[in-house]
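Some notes on the structure that comes next.
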Amino acid sequence: MLDDPFAVNSLVERLGRALDPVEGPPPAPVRGDGDLNGAPSPTGRVLRPAAVLAPLVVRETGLSVVFTRRADHLSAHAGQISFPGGRLNAGEDPAEAALRESEEEIGLPRSRVRLIGRFDPYETVTGFQITPFVGLVDSAAELRADPGEVAEIFETPFDFLMNPANHVLEERMFGGQLRRYYAMPHEGRYIWGATAGLLKALADRFNAFR
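What follows is the structure, given as structure tokens:
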């Protein structure tokens, strides 16, 4: 049980101070898959814009982060853990895209989300530039997975994810090259790649505001 309900409010306030406003110029710096591998994005490469939502929900045990596990039949990143999100539609701004995708993927109405802010854009090796947002979700919201995209919805404690001791640096071969990346294994689930990179960026900001 949560012994001090004000503790969660304090965490949310601290996180809000660490984030950039939802609207306005893009935050900096840009993070990415190449940060650990000495491979910055080539000059002139056209990146496809995307946005994700890191949904936070207050539970009796504290603050949790909502994740999805992508459906196993998908052609890209099947079975991987991610935030709800996706590509921007024509004329859509990143915040709108993050909320729309969250509603489509996990049935989260935008009326049940209060956006707190956004943090470092993230470039993926697959050619996307992701704008990540953090939103506080109504704990009474009933989430439902779109079976076409999402195999599972689950939550992980915010405190665990923000603790640098749980940010594991690993490496493996991809396309004949040795690649380094962050991973945050928790209770049998393997959070890694771009999702872990985004969490690392968020933790860096959060932990700078004591």
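Its first residue numbered 410, the sequence shown is counted upward by one per residue in the numbering used here. Here a beta-carbon is modelled for each residue, glycine too, at the ideal position from N, C-alpha and C. All values derive from a computational prediction rather than experimental measurement.
Let's test the definition: count the other Cβ atoms within 10 Å of the Cβ of Pro503 and tell me whether it reaches 16, buried, or not, exposed.
buried
Looking at the structure shown, is Val439 part of a helix, part of a strand, or coil, going by DSSP?
coil
Reference Arg478, options Gly544, Arg553, Asp442 and Leu524, closest by Cα
Arg553
Grab the span of the alpha helix (DSSP H) containing Ala605 for me, first residue to last.
Gly602 to Ala617
Between Pro566 and the rest of its own chain, which residues show a CB-CB distance below 7 Å, the 5 nearest in sequence each way excluded?
Gly471 and Ser473
Residues bridged to Ser491 [DSSP beta-bridge criterion]
Thr477
Count the other CB atoms, across all protein chains shown, that sit within 10 Å of the CB of Met582; report buried if there are 16 or more and exposed otherwise.
exposed
Based on Cα-Cα distance, which residue from Phe569, Leu570, Phe528 and Pro594 lies nearest to Gly425?
Phe528
By DSSP's criteria, Phe542 is part of a beta bridge. Which residues make up the other side?
Leu462 and Arg527
Does the beta-carbon of Thr535 have 16 or more other beta-carbons within 10 angstroms, so that it is buried, or is it exposed?
exposed
If you draw a straight line from the C-alpha of Ile539 to the C-alpha of Glu469, how long is it?
31 Å
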